[in-house]
Amino acid sequence: MIISRFNILKCFFLISLLFSTFGFAQKKFVLVLDAGHGGSDFGANRGYSDIGRVNEKDITLAITLKLGKLLEKNKDIKVIYTRTTDEYPSLTARTNLANRNKADLFISIHCNANDRSSPYGTETFVQGPDQNKTNLEVAKEENDVIFLNAEDKKTFSSYDPNSPESLIALKIQQSKYLEASLTLGSLVEDNFANKDKRLSRGVKQKNLHVLRLNAMPSILIETGFISNYDEAHYLVSEAGQNEIAQSIYDAIISYKNLKGNISTAETKPEEPKQPAEVPSKNDFRILLMSTPVKYDEGDPAFKGLNYILTIKENGLYKYYYSTTNMASIRDNNLKTAKDAGFRNAYAVGFIPNQTLGTGYYRIELAATKDKLSSNSYILNTLKGVDRNKEKGIFYYTYGKYNSLEQAVENQKDLEKRGIKNTVIEKVLK
Ligand SMILES: [Zn+2]
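Under UniProt numbering, the letters of the sequence shown match residues 1 to 429, in that order.
In structure tokens, the structure reads:
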């Protein structure tokens, strides 16, 4: 039989038409959005005299619905919600929904709260065994056993995170999705820090029920502290919720575009399993440079890098870029710094919440040749500002803090009050 050239072409055309018509075309990207808590589980909550009661369950739902609306505009994305109303699906139901739908991503939205002080900022968790025994608040809050119903208790009781078998099963599960989860988590946190100018507490690993049995890359985003007055107001506002939704949305789109380069079991089934990465006990920051010159935020000296922490020590300003407790992210950040042109940059480990044995941290408000006038904004706003003169320069300093974290929080507070470009100084005695 002779097949004409025309027939072959026609045949190709028909086959390609069949492929595109009957779903051989690209599969939709399936995303499960999980609004944390709901129904009788209010999550974190606080009362304020001006805005009334603020409930985590309401904020997580509002942000989730706003995020979903943005995502649904993309034809190649399918959004599945664990809840769209004020109800409480069990954690097992949330996981099962995601697994059954073979979701590509699971994103759980939450808010933080803290009783002891009023910390603020965002943080994103990926599934992992708890390493840092001193910092279990999130795991406790988000895993509150009161809200594990009978089904959940059955699901999770067989799961003792301290047993070696569970740990092995968990590590196998994690190893498949950890890299992808970490990537998405850092995209989210980067957006919060860089686009929204919020305090990012970084990407961390925690053993959380709602992520534990998910068979896909999964993250839990703590979008802010309800216990912090300013952040509670931000979280209940339309503008705040829209900003958060937009930042998560942008991160998802970047992740989706990157996905070809991220290894998961789904995309590369034959790849040998990597052992799960264990978070370090240290926070890592990348030291870009150490110099007697003070640079303000956005200075070209930073070569376009944002999220710089400056610590002054022995008269030298040390400029650190990014923070993480994951070695893989640290290595990425170091590469980013080197690529930007900081060829001598290196990673420095910090022990979280370490108090100085001898000495303290304070905030350098200004370093200037001319004395600040007594009705300057700084001196008018703050009480207890110290002044020192050294080599013809007046140094104005403020506060006394035991840990770097405390100093950072107070520095951010000052920033909100309009006192910018301050430097944290480590004073050793
Ligand atoms: Zn929560």
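Yeah, the Cβ is synthetic: ideal placement off N, Cα and C, and Gly gets one too.
When His233, Gly384 and Gly52 are compared, the shortest CA-CA separation from Glu364 is found for Gly384. Rounded to the nearest whole angstrom, the CA to CA distance from Lys206 to Ser181 is 12 Å.
For Tyr361 and Ile311, the gap between their C-alpha atoms comes out near 9 Å. For Gly38, the shortest separation between its Cβ and any heavy atom of ligand 1 does not lie below 7 Å. By the Cβ criterion, the segment 334-349 is not in contact with the segment 408-422, since fewer than three pairs of Cβ atoms, one from each stretch, lie closer than 8 Å.
DSSP places Asp41 within a strand segment (E or B) once states are collapsed to three. For Ala44, the CB falls within less than 7 Å of some heavy atom of ligand 1.
CA-CA distance, Leu31 to Ile253, rounds to 11 Å. A check of alpha carbon separations from Lys389 across Ala366, Asp296 and Glu405 identifies Ala366 as the nearest. In summary, Ser322 is buried, with 16 or more beta-carbon neighbours lying within 10 Å of its beta-carbon over all protein chains present.
In the three-state scheme derived from DSSP, where H, G and I count as helix and E and B as strand, Ile351 is classed as coil.
Sorting Glu409, Arg46 and Asn421 by C-alpha distance to the C-alpha of Gly121 places Glu409 at the top. Judged by pairs of C-beta atoms under 8 Å, the segment 297-311 does not touch the segment 237-257, as fewer than three such pairs exist.
Nearest Cα to Leu288 within the set Lys338, Leu213 and Ser403: Lys338. Beyond the five residues adjoining it in sequence on each side, Ile419 comes within less than 8 Å, by CB distance, of Leu365, Tyr377, Ile378, Thr381 and Leu382 in the same chain, given in chain order.
Residue pairing of Ser218 in beta bridges, as defined by DSSP: Phe106.
Annotated three-state conformation of Phe284 is strand, per DSSP. In the structure shown, Arg83 adopts coil according to DSSP, grouped into three states.
For Glu72, the uninterrupted alpha helix (DSSP H) segment begins and ends at Glu56 to Glu72. The continuous alpha helix (DSSP H) containing Tyr377 extends over residues Tyr377 to Thr381.
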